[in-house]
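J.: Numbering (the UniProt record's numbering), first residue to last: 1 to 183. In this text, a Cβ means the ideal position worked out from N, Cα and C, and glycines have one as well.
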């Protein structure tokens, strides 16, 4: 009879008490993973700090099968972001941006504030998306002037994000305690 190998060691984590981390979310690596207040990590979301620290800002949602921090050193996801299902984020994403379903943000890429990378689109390694930028339709780009020029649009987007977080807090049971060391 063969025995199972022991599980890998838990990565060092700093998790805010209001963060929700689903039981099936995966946190792996050797560098610090910092998760701010009101972050929601859905089941099967993967946070990998093997190559450097990963920071996820307040009020951010990382959906199912999304991967953050997989191919590069330090990765920072700003506050109020959405990393949609099956997206891969190996670069940095600034505040209030959305990485769409199956989208890819490459190593050392920089996505600015209030940006949107639509479903299945790519921001290649080392590339930059300016603030309020939209990446769509086989890599075409434009500036979201409505979001840029109207504070009310940004307020509505932020309000919608807070409503999503409130709903997810009710739907996703937290298992954050399994990633924290009793003190």
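Just to confirm the assignment: which complete beta strand (DSSP E) runs, minimum length 3, are found wholly within the stretch 120 to 181?
T.: 133 to 136 and 140 to 143
J.: Among 7, 2 and 19, whose alpha-carbon lies nearest the alpha-carbon of residue 173?
T.: 19
J.: Can you check the stretch 36 to 65 for any beta strand (DSSP E) of at least 3 residues that lies completely inside it and give the ranges in chain order?
T.: 46 to 49 and 54 to 56
J.: DSSP three-state label for residue 32, please.
T.: coil
J.: How long is the line joining the alpha carbons of residue 168 and residue 25, rounded to whole angstroms?
T.: 14 Å
J.: Considering residue 14, what are the terminal residues of the beta strand (DSSP E) in which it resides?
T.: According to the DSSP assignment, residue 14 belongs to the beta strand (DSSP E) that extends over 13 to 15.
J.: The beta strand (DSSP E) spanning residue 76 covers which residue range?
T.: Run containing residue 76: 75 to 77, per the beta strand (DSSP E) assignment.
J.: By the 10 Å Cβ neighbour count, where 16 or more other Cβ atoms means buried, how is residue 41 classified, buried or exposed?
T.: buried
J.: Report the option in 91, 158 and 17 whose CA atom is closest to the CA atom of residue 124.
T.: The shortest Cα separation from residue 124 among 91, 158 and 17 belongs to 91.
J.: Residues in its own chain within less than 8 Å of residue 106 by CB, not counting five upstream and five downstream?
T.: 71, 90, 91, 122, 123, 124, 125, 126 and 127
J.: Restricting to Cα atoms, I'd like to know which of 162, 73, 11 and 58 is closest to residue 178.
T.: 11
J.: Taking buried to mean at least 16 other C-beta atoms within 10 Å of its own C-beta, is residue 165 buried or exposed?
T.: Label assigned to residue 165: buried.
J.: Since residue 56 and residue 27 should fall inside the 8 Å C-beta cutoff, what is the C-beta to C-beta distance between them, to a whole number of angstroms?
T.: Residue 56 to residue 27, Cβ: 11 Å. No contact.
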